[in-house]
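Data first, discussion second: the structure below is written as structure tokens.
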Amino acid sequence: MYYYSTFSFIGYGLIIIAFIVTLAADIYLRTRYSKYKKVKAKSGKTGAEAAREILAKNGLDNVYVVETKGYLTDHYDPSQKVVRLSTDIYHGTSIASVAVAAHECGHAIQDKEGYSYMRFRSAIIPFVNFGTKFGYIAVLVGLIFGATNVAWIGVGLLLTMLLFQLVTLPVELNASERAKSLLVKEGIITSQERKDASNMLTAAALTYVASLISTIFDLLRLVLIIMGNDRD
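Take the sequence shown: its letter number 158 is residue 1446 in the working numbering, and every next letter is one higher.
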């Protein structure tokens, strides 16, 4: 009982830390976005116009740019070859709008070039979905019935989620680097505006780092609970 209580206490501490890290990253992103959506790009182009221009100049006329609902729900859909931009990004003429739009176009270019990390991430999605769905179930069943081996199998399945997030980091960082260069190269922002665009994209990237840290802490928490349960 001593080990279980001690490890559980540490586990709850990890949950709190993970929550704080995730919350801080989200607040920082919202703060940066709130700031840079008020800073108009000198070119006066909207996020949608910037995206279409970047795509066209990179031989991606087959990729469509469409508006989608939500707050910062922007993403590139490789299966449909569509860049989806949230309303504020789609119509906005701010640094934030063109930066986010360019980032999503960076993913489209990655897709066209067969960027290795992006291909690998797409390939493991079925395994990640399976691991995430059944991993927690296996851990819970193992703990309830005292089947430690089953619980460890669950942790193993959940490692696919961690792998996915590890691979996602270089994909997102590379897309941001592409975006910074493309924005200046295509004349969508000036070299003086690059710093603002970089700050916006860095804030967005930190949310992926926070998500990775949160997953690591969650897995450590489960490991500690299993170890404590096993020792007792």
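Where a beta carbon is used, it is the ideal one built from N, C-alpha and C, also for glycine.
On a predicted model such as this, the values are computed, not experimentally measured, just so you know.
With DSSP as the reference, label residue i as helix, strand or coil.
i: Tyr-1352; result: strand
i: Lys-1325; result: coil
i: Ser-1382; result: strand
i: Tyr-1290; result: Confidence at Tyr-1290 is low in this model, with a pLDDT of 47, below 50, so the placement of that residue should be treated as unreliable; the coordinate-derived value is given next. Reduced to three states, the DSSP call for Tyr-1290 is helix.
i: Ser-1331; result: coil
i: Leu-1476; result: As written in the sequence, residue 1476 is Ile, which differs from the Leu given in the question. Three-state DSSP puts Ile-1476 in coil, outside helix and strand.
i: Phe-1433; result: coil
i: Gly-1442; result: helix
Got a sec? Which residues, its chain only, sit under 8 Å from residue i by beta carbon, not counting five neighbours each side?
i: Lys-1330; result: Ile-1477, Thr-1478, Glu-1481
i: Lys-1400; result: Asn-1346, Gly-1347, Leu-1348
Buried or exposed: where does residue i fall if 16 or more other Cβ atoms within 10 Å of its Cβ makes it buried?
i: Ile-1425; result: exposed
i: Phe-1452; result: buried
i: Glu-1355; result: exposed
i: Lys-1333; result: buried
i: Leu-1512; result: buried
i: Lys-1473; result: exposed
i: Arg-1340; result: buried
i: Tyr-1364; result: buried
i: Leu-1311; result: exposed
i: Ile-1514; result: buried
i: Gly-1434; result: exposed
i: Ile-1377; result: buried
Per DSSP, what are the beta-bridge partners of residue i in this structure?
i: His-1363; result: Arg-1372
Could you check whether the Cβ of residue i sits closer than 7 Å to any heavy atom belonging to the ligand NAD?
i: Glu-1355; result: Judged by which ligands are present, the structure shown has none, so any question about the ligand NAD falls away.
Give me, in chain order, the residues of the same chain whose beta-carbon lies closer than 6 Å to that of residue i; leave out the 5 immediate sequence neighbours on both sides.
i: Tyr-1405; result: Val-1455, Pro-1458, Val-1459
i: Ile-1315; result: none
i: Pro-1366; result: Asp-1399
i: Ala-1306; result: Ser-1502, Phe-1505
If I measure Cβ to Cβ from residue i and keep anything under 7 Å in the same chain, skipping five residues before and after, which residues do I get?
i: Asp-1484; result: Tyr-1324, Val-1327, Ile-1383
Handout entry: Contact between the region 1407-1426 and the region 1386-1396 (3+ Cβ pairs under 8 Å)
Key = No: the two stretches stay apart, fewer than three of their Cβ pairs being nearer than 8 Å.
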